[in-house]
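Student: The working numbering numbers the first residue of the sequence shown as 107 and each following residue consecutively. Here it is, the structure in full.
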Amino acid sequence: MSRFRIPFGSPAPREDAAAIRAAIERVVSSGWYVLGPEVTAFEAEFAAAAGAAHAVGVGTGTDAIALILKGLGIGPGDEVITTPLSAAYTALAVMMVGARPVFADIDPARHTLDAAAVARAITPRTRALLPVHLYGQAADMDALMPLAAAHNLSVVEDACQAHLATASGRPVGTIGIAGAFSFYPTKNLGALGDGGAIVTNDEAFAAKLRRLRNGGQTNRYHHLEPGMNSRLDEMQAAILRARLPYLQAWTHARRSRAAQYRAGLAGAAVHVPCEFDAGHVYHLFVVRTRSRAALQEHLANSGIETLVHYPVPIPRQPALANQQPADCPEGNRACDEVVSLPMHPWLSADDVQDVCAAVCAFHEE
Ligand SMILES: *Cc1c(COP(=O)(O)O)cnc(C)c1O
């Protein structure tokens, strides 16, 4: 039990619980646990839901990004431009393939990669752009895609927080060469463990990724290229199949809570970032304040749990100390000011109203 009256959220099954238990039982009795019929079926169902031609189930969202980069032949000596404001795993995936993450600053209003900053970060070693569709909202693909085309760069979409999101009406993950999704339990579609998927409209690339996730095998014991071992397992695939039919309704619920937050926070002393794309799926509802610690304490005292996504800019993580230094003042500022309010499909209208009232009762010092 949470000590909060309004907890941030919980990934425990709800209306999907019976379907999940049935799925688990089906896999337990099947005798088939890795790369079997559940993964094949989930790949088809997730591709259809995501508006993509192909989906490839993999071990995690991080592996999904690394596998796409590997599939593009990106490795040592190559640079990949990405954002300082994301889960650190975005940049760690670049380092996993031996390439160098280069950080371009964010647009402070949208919180995703600023195309002008990306343009300044391009060098002869740049191979790809890795925008993150942060908090459930697409990056500015209308600006990034022409930039990438002009410099002959691949675009790899980190869609780990953006299941069912669209960018100017186009499904995320299908705009660049491929998109990476995570099914970490707290994501908009979560497994009961780790899981990930890659979507792409390129059939040959999908076939290559299917090999690369499975040790580079073409058939059993024949390894054509040095792949990874990163497979979505049958149990998680079956659980995800049980949950996927609810995803659209859950996404609608998130959007309606977000609209309620926007109305309820109109007069509050916090900054509510505006919505840039109606395809936003509100993985998180993030506001900004210069008095973050005080706001979090005030809300905790009212029984409301909040989190920070993310407190440390990726280039300032000790794990990246040997990487190229970054100049991202807007990313740094965001990391000092952002705070995530409770957001999940089961948040009641009364809960949102209570959170709004508590935020409105807060006054910046
Ligand atoms: C969760 C997440 C990842 C990593 O996904 P895992 O499945 O935990 O490896 C990468 N990027 C972003 C933006 C994420 O939110």
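Ideal Cβ placement from N, Cα and C applies to all residues, glycine included. Since we're looking at a predicted model, the values are computed, not measured.
(1) Are three or more beta carbon pairs between the segment 450-459 and the segment 356-376 nearer than 8 Å?
(2) Residue 445: which of 460, 418, 356, 126 sits nearest, CA to CA?
(3) Between which two residues does the beta strand (DSSP E) holding residue 206 run?
(4) Return the first residue and the last residue of the alpha helix (DSSP H) that residue 358 is part of.
(5) Short of 7 Å in beta carbon distance, which residues of its chain neighbour residue 370, apart from the five on each side in sequence? Order them along the chain.
(6) Could you give the residue range of the alpha helix (DSSP H) that holds residue 129?
(7) Sort 164, 146, 152 by Cα distance to residue 335 and report the nearest one.
(8) Closest to residue 224 by CA distance: which of 247, 311, 425, 414 is it?
(9) Within 10 angstroms of the Cβ of residue 229, are there 16 or more other Cβ atoms? Answer buried if so, exposed if not.
(10) What's the gap between the Cα of residue 317 and the Cα of residue 378?
(11) Work out the CA separation of residue 410 and residue 326 for me, nearest whole Å.
(12) Do the segment 197-213 and the segment 341-349 touch if we need at least three Cβ pairs shorter than 8 Å?
(13) Which first and last residues belong to the beta strand (DSSP E) in which residue 160 is found?
(14) Using only the alpha-carbon positions, how far apart do residue 330 and residue 260 sit?
(15) Could you give the first and the last residue of the continuous beta strand (DSSP E) run that contains residue 325?
(16) Restricting to runs no shorter than 4 residues, where is the alpha helix (DSSP H) found entirely within the segment 178-247?
(17) Which residues in the same chain have their Cβ closer than 6 Å to the Cβ of residue 352, if we skip the five residues on either side of it in sequence?
Tutor: The relevant details are as follows:
(1) yes
(2) 418
(3) 206-209
(4) 353-370
(5) 458, 459, 462
(6) 123-136
(7) 164
(8) 247
(9) exposed
(10) 44 Å
(11) 53 Å
(12) no
(13) 160-164
(14) 24 Å
(15) 323-325
(16) 195-202, 221-227
(17) 122
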